[in-house]
Amino acid sequence: MTFGWRVAYQGRTPPPGSVVRPDERLSWPRTVGLGAQHVVAMFGATFVFPLVMGLDPQLAIMMSGIATICFLLIVKNKVPSYLGTSASFVGGVAAIRAQGGDDQHVTGAILIAGGVLLVVGLLIHFLGAQIIHAVLPPVVTGAVVLLIGFNLAPVVADTYWPQDQWVALITMLVAIGIMVGVRGFLGRIAIFVALVFGYVLSWLVDRVFGKITSYDAGAGHDTTHWRVNFDAVKSAKWIGFPGKTSGTGAHQIAGWHFPEFKWAFILLVLPAVIALVAENTGHVKAVAEMTGDDLDPYMGRAIAADGFGTVVASTFGGSPTTTYAENIGVMAATRVYSTAAYYVAALVAILFGLSPKFGALVAATPGGVLGGITVVLYGMIGLLGVKIWTENRVDFGNPLNLVPIAAGVIIGIGNTSLKFTDTFSLSGIALGTIVTIVCYHAARIIAPAHLKAGADGAAEESGSAGGVPVQE
19 MTFGWRVAYQ GRTPPPGSVV RPDERLSWPR TVGLGAQHVV AMFGATFVFP LVMGLDPQLA
79 IMMSGIATIC FLLIVKNKVP SYLGTSASFV GGVAAIRAQG GDDQHVTGAI LIAGGVLLVV
139 GLLIHFLGAQ IIHAVLPPVV TGAVVLLIGF NLAPVVADTY WPQDQWVALI TMLVAIGIMV
199 GVRGFLGRIA IFVALVFGYV LSWLVDRVFG KITSYDAGAG HDTTHWRVNF DAVKSAKWIG
259 FPGKTSGTGA HQIAGWHFPE FKWAFILLVL PAVIALVAEN TGHVKAVAEM TGDDLDPYMG
319 RAIAADGFGT VVASTFGGSP TTTYAENIGV MAATRVYSTA AYYVAALVAI LFGLSPKFGA
379 LVAATPGGVL GGITVVLYGM IGLLGVKIWT ENRVDFGNPL NLVPIAAGVI IGIGNTSLKF
439 TDTFSLSGIA LGTIVTIVCY HAARIIAPAH LKAGADGAAE ESGSAGGVPV QE
């Protein structure tokens with residue numbers, strides 16, 4: 019590993035079609051500009067997902083920068099990537115809060131999941147990437163990712179959408195319109211643009227129509243309130259560390275804190291580990307394809323580094339992390355793969371995290387705006403599972419694929435519960451994931467040879483490493 023990046027093209031803008039490799043950089047002003055672009059790319063999702071999980075977005079931005087630096091050091095600067103807030107934990111966190119868990123329980127469960135991901139990464143590093151496909155073939159990975167997204171539908175319907183249905187609807191339409199109709203970089207940050215639009219729209223509606231009487235998530239019932247409340251923004255300092263978590267239950271104000279652990283809550287977020295293994299594998303493959311480097315030897319390191327980043331972030335109350343496809347998209351557009359730009363992006367994120375006023379502004383995002391954004395985001399998360407199936411040509415005409423997956427999906431989406439004792443039960447995503455994995459591998463044991471051959475043949479023909487599609 020070296021921090022002595024070679025200066026490419028004498029620091030000038032590269033000619034069209036040329037490449038800047040991970041161990042190269044442009045002039046520092048150009049590198050800073052590229053780093054800022056990476057910040058913009060990750061920014062929307064990195065603070066939206068902490069909001070929907072009830073965690074501190076200011077702290078999440080800061081810890082994403084720290085986690086990114088840790089990631090780059092662990093992979094020896096071979097895998098240029100940015101670690102932003104992971105969406106894979108949103109369903110598990112919603113389930114924890116529905117069962118009375120607070121911020122400390124949420125980050126405690128996330129920390130353990132991060133530790134498990136770290137161990138999985140180490141196993142992959144020493145045993146080889148083929149172990150991913152053996153335990154988590156595409157049919158299983160796709161089902162788990164689908165569960166994580168679609169299990170969140172009640173959160174949108176019961177929590178965010180009722181807070182301001184018309185602003186939610188308009189924000190949703192704007193997000194869809196930008197994603198589908200706008201090309202280039204703006205289309206890649208459609209969620210962020212839609213959030214800003216919804217924020218401004220809510221402020222304008224307040225000025226024109228006054229307060230709204232609707233469900234207030236903080237109060238837990240209908241109240242009459244402003245859609246946009248800047249009281250906390252006005253009182254926040256420009257420079258300072260994120261505040262400490264205060265309050266309890268629905269009135270808890272997110273900030274930094276140390277985690278607490280409860281097994282029932284930990285089990286609810288462990289399925290996210292499967293999604294993160296799939297996600298990281300796909301992203302490393304995508305980076306390898308762009309750079310032309312063989313990154314398979316660094317696959318385990320990358321997954322372990324993601325787990326380590328999540329452990330570090332959640333230790334202090336931050337959000338879980340993952341490598342971001344948005345930033346891979348920036349590299350594909352610019353053909354600049356310099357890790358120097360990612361160090362710059364990480365430092366910029368840390369500086370943002372040192373502004374309480376920025377954190378208060380983000381935390382004031384109206385619930386209706388989150389309703390419009392999450393209805394798109396949660397659906398997209400679920401459909402990524404379907405994408406894994408289609409890109410790996412999973413044959414659901416084969417009962418070995420169809421039957422166990424059907425059972426697991428319905429149990430997970432239906433939030434079915436299995437009670438073991440008065441104090442311990444499994445439900446929703448956790449139970450659905452266990453049923454999917456156990457039933458699939460059990461079915462393989464008893465299935466006739468022709469069914470197993472059919473299931474294996476489709477995956478091998480797809481040529482996808484670890485059963486994970488390359489995401490752009």
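Read in order, the letters of the sequence shown are residues 19 to 490 in our numbering.
Built from N, CA and C at the ideal position, the CB exists for glycine as well.
Being a predicted model, the structure only gives us computed values, none of them experimental.
- The DSSP-derived three-state label of H275 is coil.
- Taking a 10 Å sphere around the C-beta of E307, we find fewer than 16 other C-beta atoms and assign the residue as exposed.
- Counting the other Cβ atoms within 10 Å of the Cβ of R225 gives fewer than 16, which makes it exposed.
- Looking only at A171, T159, P172, the smallest Cα-Cα distance to V404 is reached by T159.
- DSSP places G167 inside the alpha helix (DSSP H), whose first and last residues are 156-168.
- Between the beta-carbon of I84 and that of S332 there is about 12 angstroms, and that puts the pair past the 8 angstroms contact cut.
- Counting along the chain, no beta strand (DSSP E) covers T408; the unbroken alpha helix (DSSP H) around it starts and ends at 385-409.
- Per DSSP, the unbroken beta strand (DSSP E) holding L101 starts and ends at 101-103.
- For L436, the enclosing beta strand (DSSP E) has its first and last residue at 435-437.
- The distance from the Cβ of G133 to that of G325 is about 7 angstroms, consistent with a contact at the 8 angstroms cut-off.
- For S264, the secondary structure class from DSSP, reduced to helix, strand or coil, is strand.
- For F334, same chain residues with a beta-carbon under 6 angstroms away, outside a window of 5 residues either side, are W274 in chain order.
- Residues of the same chain with a CB within less than 7 angstroms of the CB of F65, apart from the 5 flanking positions on each side, are P75, A78, I79, V380 in chain order.
- Counting along the chain, the unbroken beta strand (DSSP E) around D234 starts and ends at 230-234.
- Looking at the DSSP output, R43 shares a beta bridge with V25.
- Residue burial annotation: D249 is exposed, with fewer than 16 other C-beta atoms found within 10 angstroms of its C-beta.
- Between A282 and Q122, the gap from beta carbon to beta carbon reaches 9 angstroms or more.
- For T177, there is no enclosing beta strand (DSSP E), as DSSP marks it with neither H nor E.
- Boundaries for D413: no alpha helix (DSSP H) harbours it, and the DSSP string shows neither H nor E there.
- As DSSP reads the structure, D240 sits in a beta bridge with Y233.
- Look at V38 here: in three-state DSSP terms it is strand.
- Scanning its chain for C-beta atoms nearer than 7 angstroms, with the 5 sequence neighbours on each side dropped, one finds around C457 the residues P422, A425, G426, in chain order.
- Between the segment 190-201 and the segment 165-175, the count of Cβ pairs shorter than 8 angstroms is below three; the stretches do not touch.
- Under DSSP, the beta-bridge partners assigned to S445 are S435.
- By the criterion of a C-beta distance shorter than 6 angstroms, N298 is surrounded in its chain by A320, I321, D324, T341, once the five residues flanking it on both sides are discounted.
- Contact holds between the segment 352-364 and the segment 42-52, because three or more Cβ pairs, one in each stretch, are under 8 angstroms apart.
- When rounded, the separation of the alpha-carbon atoms in G400 and P260 is 32 angstroms.
- A Cβ-Cβ separation of about 6 angstroms places H56 in contact with Y100 under the 8 angstroms criterion.
- Under the 10 Å beta carbon count, V412 is surrounded by 16 or more other beta carbons and is classified as buried.
- Put simply, of A461, H459, W256, P338 the residue whose alpha carbon is nearest the alpha carbon of K375 is W256.
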